[in-house]
Amino acid sequence: MTSPPLDTRTRRDRRWFTSVYEEHYGQVLAYLTRWSDRATAQDMAAEVFLRAWTTRESLRGAPLPWLYGISRNVVLEFYRGRERDRDAREAVAGRERRRGTSPDEASAVDLHIDVAQAMGTLSEADREILTLHTWEDLDPADIATVLGVTRGSARVRLHRARRRLARALGADGTGG
Numbered sequence: 013m014t015s016p017p018l019d020t021r022t023r024r025d026r027r028w029f030t031s032v033y034e035e036h037y038g039q040v041l042a043y044l045t046r047w048s049d050r051a052t053a054q055d056m057a058a059e060v061f062l063r064a065w066t067t068r069e070s071l072r073g074a075p076l077p078w079l080y081g082i083s084r085n086v087v088l089e090f091y092r093g094r095e096r097d098r099d100a101r102e103a104v105a106g107r108e109r110r111r112g113t114s115p116d117e118a119s120a121v122d123l124h125i126d127v128a129q130a131m132g133t134l135s136e137a138d139r140e141i142l143t144l145h146t147w148e149d150l151d152p153a154d155i156a157t158v159l160g161v162t163r164g165s166a167r168v169r170l171h172r173a174r175r176r177l178a179r180a181l182g183a184d185g186t187g188g
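What follows is the structure, encoded as structure tokens:
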């Protein structure tokens, strides 16, 4: 028995989805790797693109913020019920140990550690919005899409998170 022929829309959807996958897989994987080890991130990326395929009709606007929103949900589901703060601190410490530094890099590493420690004092929501803006280079409009909030709300949340991070850095004595 042979498969029925693909209709035109399905062929068009597959071509579109293949191009989205090829263009954005690396960015999605990089985002997921920030939250887990590479093997787990690859598994999560597969789940992200499976969900993206099955919910492709819901896409409004650019694909990358939509994919980040799906990625966010996959990460949240993965870590639900775990002690995320403890895991995040261990992951940061592990990266620092693996990185190794020369004397010239010491102050940059110290600053990185100070920022990581200050980020650790923030709420998960603040850490997430700062990560989306800084690491993923998303603007408030795209952050709004990822978080499912209005642009205005994303701008306000980002502003407040930056202010709290600056205070946390200042409380450490690292912010001047």
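Residue numbers (the numbering used here): 13 to 188.
From the three backbone atoms N, C-alpha and C, an ideal C-beta is built for every residue, glycine too.
Note that the coordinates shown come from a computational prediction; the quantities given were computed from them, not determined experimentally.
Cβ neighbours of residue 53 within its own chain (closer than 8 angstroms, five residues either side excluded): 41, 44, 45 and 47. Runs of beta strand (DSSP E) with 3 or more residues, each lying fully within the stretch 49 to 90, are absent. Between the alpha carbons of residue 163 and residue 155 lies a distance of about 8 angstroms. Listed in chain order, the non-local C-beta contacts of residue 65 below 8 angstroms within the same chain comprise 29, local neighbours out to five positions each way being set aside. Here DSSP, grouped into helix, strand and coil, assigns residue 22 to helix.
Remark: C-beta atoms of residue 69 and residue 86 do not approach each other more closely than 7 angstroms.
When the five nearest sequence neighbours on each side are left out, the beta carbons in the same chain lying within less than 7 angstroms of the beta carbon of residue 75 are those of 32 and 36, in order along the chain.
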